[in-house]
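Colleague: This is the structure I have questions about; it appears just below.
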Amino acid sequence: MSALILDGKAVAKQTEAELLARVEQLKAKSGGKTPILATILVGDDPASATYVKMKGNACERVGMGSMKVEMPSSTTTDELLAKIDQLNNNPDVHGILLQHPVPAQIDERACFDAIALSKDVDGVTCLGFGRMSMGEDAYGCATPQGIMRLLAHYNIDIEGKHAVVVGRSPILGKPMAQMLLQKHATVTICHSRTKDLPSLVGLADILVGAVGRPEFIKADWVKEGAVVIDAGYHPGGVGDIELSALTEKASAYTPVPGGVGPMTINTLIEQSVKSGEKSLS
Ligand code: NAP
């Protein structure tokens with residue numbers, strides 16, 4: 026039987042229509058104010074510039090405002106911290122996105138952690154991660170939170186399932202594992218020092234590939250009927266998992282492109298609208 030396609034593009038599109046209506050309502054209640062997302066781009070990496078542009082475009086589609094902050098590649102940690110402090114104290118700004126990666130001379134962790142919890146709509150602070158892991162209120166890290174929203178949309182059962190997350194980065198693997206744990210999965214986290222990855226992958230009822238290497242996870246490692254989530258995106262339109270051979274074997278999977286990617290931006294925007302609703306209504 027063909028696997029169910031977890032269509033992130035369609036879910037994001039549908040959610041954008043709902044967000045547009047929420048922003049309109051907020052405008053009506055607050056005398057014309059909209060949520061505003063500040064995006065900070067440091068340096069001139071073309072891929073980062075494209076991501077920031079895509080995020081600004083998504084704000085526009087739901088009627089939200091965005092404030093673009095661009096800083097030169099010579100920016101110091103102190104200069105970036107001062108900018109974040111300014112945005113934290115600007116009541117018109119409801120969310121702050123610091124585009125990763127920043128130039129090497131900047132202490133990225135210190136800058137992420139300087140973002141006020143109430144404006145951490147991309148879910149990148151240690152405080153937000155800790156609160157989320159403890160089941161307390163916090164905005165989730167955008168990519169894993171987007172994956173959780175996609176699983177919820179398609180009513181994928183998580184409780185009691187064995188979830189295997191391949192990758193343990195601060196923005197993906199680690200928060201992903203904690204989110205699945207919060208939903209009562211039994212979670213295995215794999216990384217570059219993991220021994221016998223194929224057999225661990227073979228135990229997964231829910232598999233998340235977040236490795237950053239094209240088609241690194243092979244289709245024949247994957248258990249029949251698994252739910253397969255591929256967070257990767259590489260030139261040529263392939264992810265971190267060999268998906269083409271899984272369209273019959275998996276029970277559900279995220280296509281690449283059009284699966285996880287659109288849900289990441291959509292989650293950032295959804296959390297920005299939520300933050301705007303908290304302070305404007
Ligand atoms: P990352 O920071 O490079 O982390 C990669 C992880 O994979 C690390 O934890 C690493 O282990 C692990 N790994 C590397 N080689 C491995 C191996 N041979 N066996 C097992 N694990 C191995 O990458 P990331 O930022 O988490 O991104 C992961 C993927 O998601 C990339 O393809 C990226 O493009 C994609 N991504 C997509 C979105 C989106 O919006 N769709 C957003 C972010 C990222 P160690 O910790 O031991 O080094």
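In terms of our numbering, the sequence shown has 291 at position 266, counting the first letter as 1, and numbering is strictly consecutive.
For each residue, glycine too, the CB sits at the ideal point set by N, CA and C.
So, are the CB atoms of P287 and A37 less than 8 Å apart?
Modeller: Going by C-beta atoms, P287 is nearer than 8 Å to A37.
Colleague: Measuring alpha carbon to alpha carbon, tell me which of I121, S55, D182, K144 ends up nearest V253.
Modeller: Answer by Cα proximity: D182.
Colleague: Sort F137, S224, S269 by Cα distance to A244 and report the nearest one.
Modeller: The shortest Cα separation from A244 among F137, S224, S269 belongs to S269.
Colleague: Whose CA, out of S306, L305, E302, L293, lies closest to the CA of I121?
Modeller: Minimum Cα distance to I121 is reached at L293.
Colleague: Taking the alpha-carbon positions, what's the G301 to A139 distance?
Modeller: So the alpha carbons of these two residues sit roughly 20 Å apart.
Colleague: Let me check one thing: in DSSP terms, what residues is T213 bridge-paired to?
Modeller: DSSP, once it has assigned bridges, lists V189 as partnering T213.
Colleague: Can you check which of these residues, E49, V94, A210, I172, is closest to G257 by C-alpha distance?
Modeller: When each option's Cα is compared against that of G257, the closest is I172.
Colleague: What are the boundary residues of the beta strand (DSSP E) that includes D255?
Modeller: First-last of the beta strand (DSSP E) with D255: 252 to 255.
Colleague: Would you mind stating whether A235 and S194 have Cβ atoms separated by less than 8 Å?
Modeller: Going by C-beta atoms, A235 is nearer than 8 Å to S194.
Colleague: Among T100, D230, K54, G88, which has the Cα closest to the Cα of G68?
Modeller: With distances taken between Cα atoms, G68 lies closest to T100.
Colleague: According to the Cβ coordinates, are I196 and V146 closer than 8 Å?
Modeller: Cβ distance not < 8 Å, so I196 and V146 don't count as in contact.
Colleague: For the candidate residues A177, T59, I242, whose alpha-carbon lies nearest to that of G90?
Modeller: Measuring from the Cα of G90, the nearest candidate turns out to be T59.
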